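First up is the structure itself, then whatever we jot down about it.
Residue numbers (our numbering), protein chains in the order written: chain A, 2 to 409; chain B, 380 to 538.
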């Protein structure tokens, strides 16, 4: 996949960007779309009767159609724009969660969730009296699905899980879990922040009820997220933000809500970034998500070989490229990930270090953090090689990986 | 060596971040361990990066000075080296002097005070000045010192 020329920031000499699980770089077409909107299309949507406003509305709503097609949604009414994955999950917790969870009901999550798919459920559990449980992990970083038989019961009302771990790369068997959840009448929310950018995702074949993801991890701007939910669920849900645009009629004492999906989009939306997100989706459509995934598998296979053969490193997560995404976490002996990351930064290599918003997962593996390299469609094998070589620099500065032996 | 093209004064400074004196304290930490007869103990944590410091201090009754320091914990080179340097500087000092050192070092790291003005007993600490170029790492450098201030505050308020 020869697309690096499309990304202005990647032209920076010597820069090796391996942090796309945090946020991806943006192609010129996305930057151009943002600029074009402000230079020639800027008007508020849904209200103006003049042509400029109609253009802005058409472009904004056109992206909703793109998103619906991209994930196989049954209708554009099922696509709600939010600020990001976090806000999408919070919307479900605050609306569906409050209305549907009772004392003793169970929410089933996993030990590998990002804080954004854990903390909202803690909050709503506290408020409703529901109980939060977690599917445990195997030492290879896979969900221990053998526990589902006991964890998933008639008390289970929601299964909230990530499709692809942002730390381990693990791809979870969502459709199987969704099928089991359906049998006990539980809803399924999927955190697609990592999977939607990297895999062809189809909500019908996933069999889930809610899917949340972010534009900025798939070549689009920050500040835009998507909540997809089945129409009947959205119809029954109350809005959580109130104000302009989300209403149908307003009287001094009461109001009625707009139809879907605008019922959930109070106030002037992030028009410019949504429109630029449309350019990102069009770009990914041109690449083809199957090709994006194939490229990722190739790079991950290379990285697993290059890093997996380095005896100074401990790697986390599945060791088969086909079973995982592009986030590869490791530790270099006992050396703190922040020290590793700072040394790599000296070589122009951008990686993430720390707990990656997954403190319970760190605890599960008895570590405080990892160094994480993550790849995307624009990365190359040469960049993986640069990372592998730069790890020698860590050893040069800190000595053998074993030191310091005296740490408690 | 590949150099990042991003204009950043770290390019010059970063080679100086892990200076030999810092690495030496990290590899061979001073006063490492716990004290069985500690007068008081304190724990410090940076939950976000997982740095941990356990500090044991023994204060002599007759002289009112610290005559035993035990420091343990885990974390990045910066947090652990800073703790080792602190342990060395505290021996033979009163609690009041120790708190003064902590405040002086924090002024350097947080308020832009000149490291050269630190007292000679804190000579090694001057090597940590470059950590200021890495905003997220400053809390690593001051963890041990915050733990010390906490320990002193606890001890004096109970006395």
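Ideal placement from N, C-alpha and C gives every residue a C-beta, glycine not left out. Keep in mind it's a predicted model, so treat the numbers as computed, not measured.
- Query: Listed from N- to C-terminal order along the chain, which residues in the segment 406 to 435 of chain B have their beta-carbon within a distance smaller than 9 Å of any beta-carbon of chain A?
  - Reply: Closer than 9 Å at the C-beta level to chain A, one finds these residues of the segment 406 to 435 of chain B: 406, 407, 408, 411, 412, 426, 427, 428, 429, 430, 431, 433.
- Message: Just to make sure I have the definition right: I need the residues of chain E whose C-beta is within less than 7 Å of the C-beta of residue 108 of chain A. Which are they?
- Response: Absent here is chain E; the protein component of the structure consists of chains A and B.
- Message: Along the chain, where does the beta strand (DSSP E) containing residue 213 of chain A start, and where does it finish?
- Response: To locate residue 213 of chain A, count along the first chain from 1; it is residue 212. Note, residue 213 of chain A: beta strand (DSSP E), 211 to 215.
- Query: Taking DSSP as the reference, what is the three-state secondary structure of residue 449 of chain B?
  - Reply: Translated into positions along the second chain, residue 449 of chain B becomes position 70. In this structure, residue 449 of chain B counts as strand in the three-state DSSP scheme.
- Query: What is the residue span of the alpha helix (DSSP H) that residue 278 of chain A lies within?
  - Reply: The residue given as residue 278 of chain A occupies position 277 in the first chain. Where residue 278 of chain A is concerned, the enclosing alpha helix (DSSP H) stretches over 272 to 288.
- Message: Does any residue of chain B have a CB that is nearer than 8 Å to the CB of residue 340 of chain A?
- Response: If you number the first chain from 1, residue 340 of chain A lands on position 339. Closer than 8 Å to some Cβ of chain B, the Cβ of residue 340 of chain A qualifies, so yes.
- Return the chain-ordered list of same chain residues with a C-beta closer than 6 Å to the C-beta of residue 383 of chain B, the five sequence neighbours on each side being excluded. The residue you call residue 383 of chain B lines up with position 4 of the second chain. Caution applies to residue 383 of chain B, whose pLDDT of 45 falls short of 50 and renders its modelled position unreliable; the model cannot decide the point.
- Item | residue 463 of chain B versus residue 146 of chain A - alpha carbon distance | Position 84 of the second chain holds residue 463 of chain B. Position 145 of the first chain holds residue 146 of chain A. Near 46 Å, if we compare the C-alpha coordinates of residue 146 of chain A and residue 463 of chain B.
- Spatial neighbours of residue 79 of chain A in its chain, beta-carbon cut-off 8 Å, leaving aside the 5 residues before and after: As a first step, residue 79 of chain A is located in the first chain; it is residue number 78 there, counting from the start. 69, 229, 230, 231, 232, 235, 261, 262.
- Would you mind sorting residue 221 of chain A into buried or exposed? The rule is 16 or more other CB atoms within 10 Å of its CB. Along the first chain, one-based indexing puts residue 221 of chain A at 220. Residue environment: residue 221 of chain A is assigned as buried (16 or more neighbouring CB atoms within 10 Å of its CB, all protein chains considered).
- Message: For a contact defined as C-beta to C-beta under 8 Å, what are the partners of residue 398 of chain A on chain B?
- Response: Against the first chain, residue 398 of chain A aligns to sequence position 397. Residues of chain B passing the Cβ test: 397, 402.
- Where the beta strand (DSSP E) through residue 438 of chain B begins and ends: Here residue 438 of chain B refers to the residue found at position 59 when the second chain is read from its first residue. Residue 438 of chain B -> beta strand (DSSP E) spans 430 to 438.
- Round the Cβ separation of residue 117 of chain A and residue 318 of chain A to the nearest angstrom and send it over; I've been treating them as touching at under 8 Å. Within the first chain, residue 117 of chain A is the residue found at index 116, counting from 1. Within the first chain, residue 318 of chain A is the residue found at index 317, counting from 1. The pair is not a contact, with the Cβ atoms about 19 Å apart (cut-off 8 Å).
- Residues of the segment 451 to 467 of chain B with a CB closer than 7 Å to any CB of chain A: list them in chain order, please. 451, 452, 453, 454, 455, 456
- Task: Below 7 Å CB to CB, which residues in the same chain sit around residue 322 of chain A once its five sequence neighbours on both sides are set aside?
- Result: Reading the first chain from its first residue, position 321 is the one you call residue 322 of chain A. Cβ within range, chain order: 298, 301, 302, 305.
- Task: Report yes or no: do three or more beta-carbon pairs, one from the segment 386 to 395 of chain A and one from the segment 182 to 192 of chain A, lie closer than 8 Å?
- Result: no
- With a threshold of 16 other CB atoms inside 10 Å of the CB of residue 521 of chain B, please say whether the residue is buried or exposed. Your numbering for residue 521 of chain B matches position 142 in the second chain. Per the 10 Å Cβ criterion, buried.
- Rounded C-alpha distance that separates residue 336 of chain A from residue 353 of chain A: Along the first chain, read from residue 1 onward, the residue named residue 336 of chain A stands at position 335. Along the first chain, read from residue 1 onward, the residue named residue 353 of chain A stands at position 352. Cα-Cα distance, rounded: 15 Å.
- Assigned secondary structure, residue 103 of chain A (DSSP; H/G/I helix, E/B strand, else coil): As a first step, residue 103 of chain A is located in the first chain; it is residue number 102 there, counting from the start. If DSSP states are grouped into helix, strand and coil, residue 103 of chain A belongs with coil.
- Item | N- and C-terminal bounds of the beta strand (DSSP E) containing residue 82 of chain A | The residue given as residue 82 of chain A occupies position 81 in the first chain. Taken as a continuous stretch (DSSP letters only), the beta strand (DSSP E) holding residue 82 of chain A covers 80 to 83.
- residue 189 of chain A - containing beta strand (DSSP E), residue span: The residue labelled residue 189 of chain A in the question sits at position 188 within the first chain. Residues 188 to 192.
- Message: Counting only C-beta atoms, is residue 513 of chain B closer than 8 Å to chain A at any point?
- Response: Here residue 513 of chain B is taken as the residue at index 134 of the second chain, counted from 1. Yes, residue 513 of chain B lies at the interface with chain A (some Cβ there is under 8 Å from its Cβ).
- Query: Any Cβ of chain A within less than 8 Å of the Cβ of residue 525 of chain B?
  - Reply: In the second chain, the residue the question calls residue 525 of chain B occupies position 146. By this cut-off, residue 525 of chain B is not an interface position.
- Item | residue 375 of chain A: first and last residue of the uninterrupted beta strand (DSSP E) it sits in | The count along the first chain starts at 1 and reaches residue 375 of chain A at position 374. Counting along the chain, the beta strand (DSSP E) containing residue 375 of chain A begins and ends at 371 to 375.
- Message: Under 9 Å, CB to CB, which of the residues in the segment 343 to 357 of chain A have a partner in chain B?
- Response: Under the 9 Å Cβ criterion, the segment 343 to 357 of chain A contributes 343, 344, 346, 347, 348, 349, 350, 351, 354, 355, 356.
- Identity of the residue in A:20, A:17, A:25, A:61 nearest residue 35 of chain A by Cα: The sequence position of residue 35 of chain A within the first chain is 34, counting from 1. Nearest of A:20, A:17, A:25, A:61 to residue 35 of chain A, Cα basis: A:61.
- Task: Grab the span of the alpha helix (DSSP H) containing residue 129 of chain A for me, first residue to last.
- Result: Within the first chain, the letter at position 128 stands for residue 129 of chain A. Start and end: 120 to 129.
- Item | Within-8 Å CB hit, residue 442 of chain B to chain A | Mapped onto the second chain, residue 442 of chain B falls at position 63. So no, residue 442 of chain B is outside the interface.
- Query: Rounded to a whole number of angstroms, what is the C-alpha to C-alpha distance between residue 431 of chain B and residue 519 of chain B?
  - Reply: Residue 431 of chain B sits at position 52 when you count from the first residue of the second chain. Residue 519 of chain B sits at position 140 when you count from the first residue of the second chain. Between residue 431 of chain B and residue 519 of chain B, the C-alpha separation is close to 9 Å.
- Item | Minimum Cβ-Cβ distance from residue 115 of chain A to chain B less than 8 Å | Along the first chain, one-based indexing puts residue 115 of chain A at 114. For residue 115 of chain A, the answer is no, since every Cβ of chain B falls outside 8 Å of its Cβ.
- Does the segment 239 to 247 of chain A touch the segment 90 to 103 of chain A, meaning 3 or more C-beta pairs lie closer than 8 Å? Yes: at least three Cβ pairs fall under 8 Å.
- Going by DSSP, what residues sit across from residue 157 of chain A in a beta bridge? Numbered from its first residue, the first chain carries residue 157 of chain A at position 156. BP columns for residue 157 of chain A point to A:107.
- Query: Where DSSP assigns a beta bridge to residue 20 of chain A, which residues make up the other side?
  - Reply: Here residue 20 of chain A corresponds to residue number 19 of the first chain, with the count starting at 1. In DSSP, residue 20 of chain A forms a bridge with A:375.
- Message: Restricting to Cα atoms, I'd like to know which of A:375, A:374, A:360 is closest to residue 368 of chain A.
- Response: Stepping through the first chain from its first residue, residue 368 of chain A is reached at position 367. Restricting attention to A:375, A:374, A:360, the CA atom closest to the CA of residue 368 of chain A is found in A:360.
- Query: According to the Cβ coordinates, are residue 162 of chain A and residue 210 of chain A closer than 8 Å?
  - Reply: As a first step, residue 162 of chain A is located in the first chain; it is residue number 161 there, counting from the start. As a first step, residue 210 of chain A is located in the first chain; it is residue number 209 there, counting from the start. Cβ distance not < 8 Å, so residue 162 of chain A and residue 210 of chain A don't count as in contact.
- Query: What do you get for residue 17 of chain A, buried or exposed, if any count of 16 or more other CB atoms within 10 angstroms of its CB means buried?
  - Reply: As a first step, residue 17 of chain A is located in the first chain; it is residue number 16 there, counting from the start. With 16 or more Cβ atoms within 10 Å of its Cβ, residue 17 of chain A is classed as buried.
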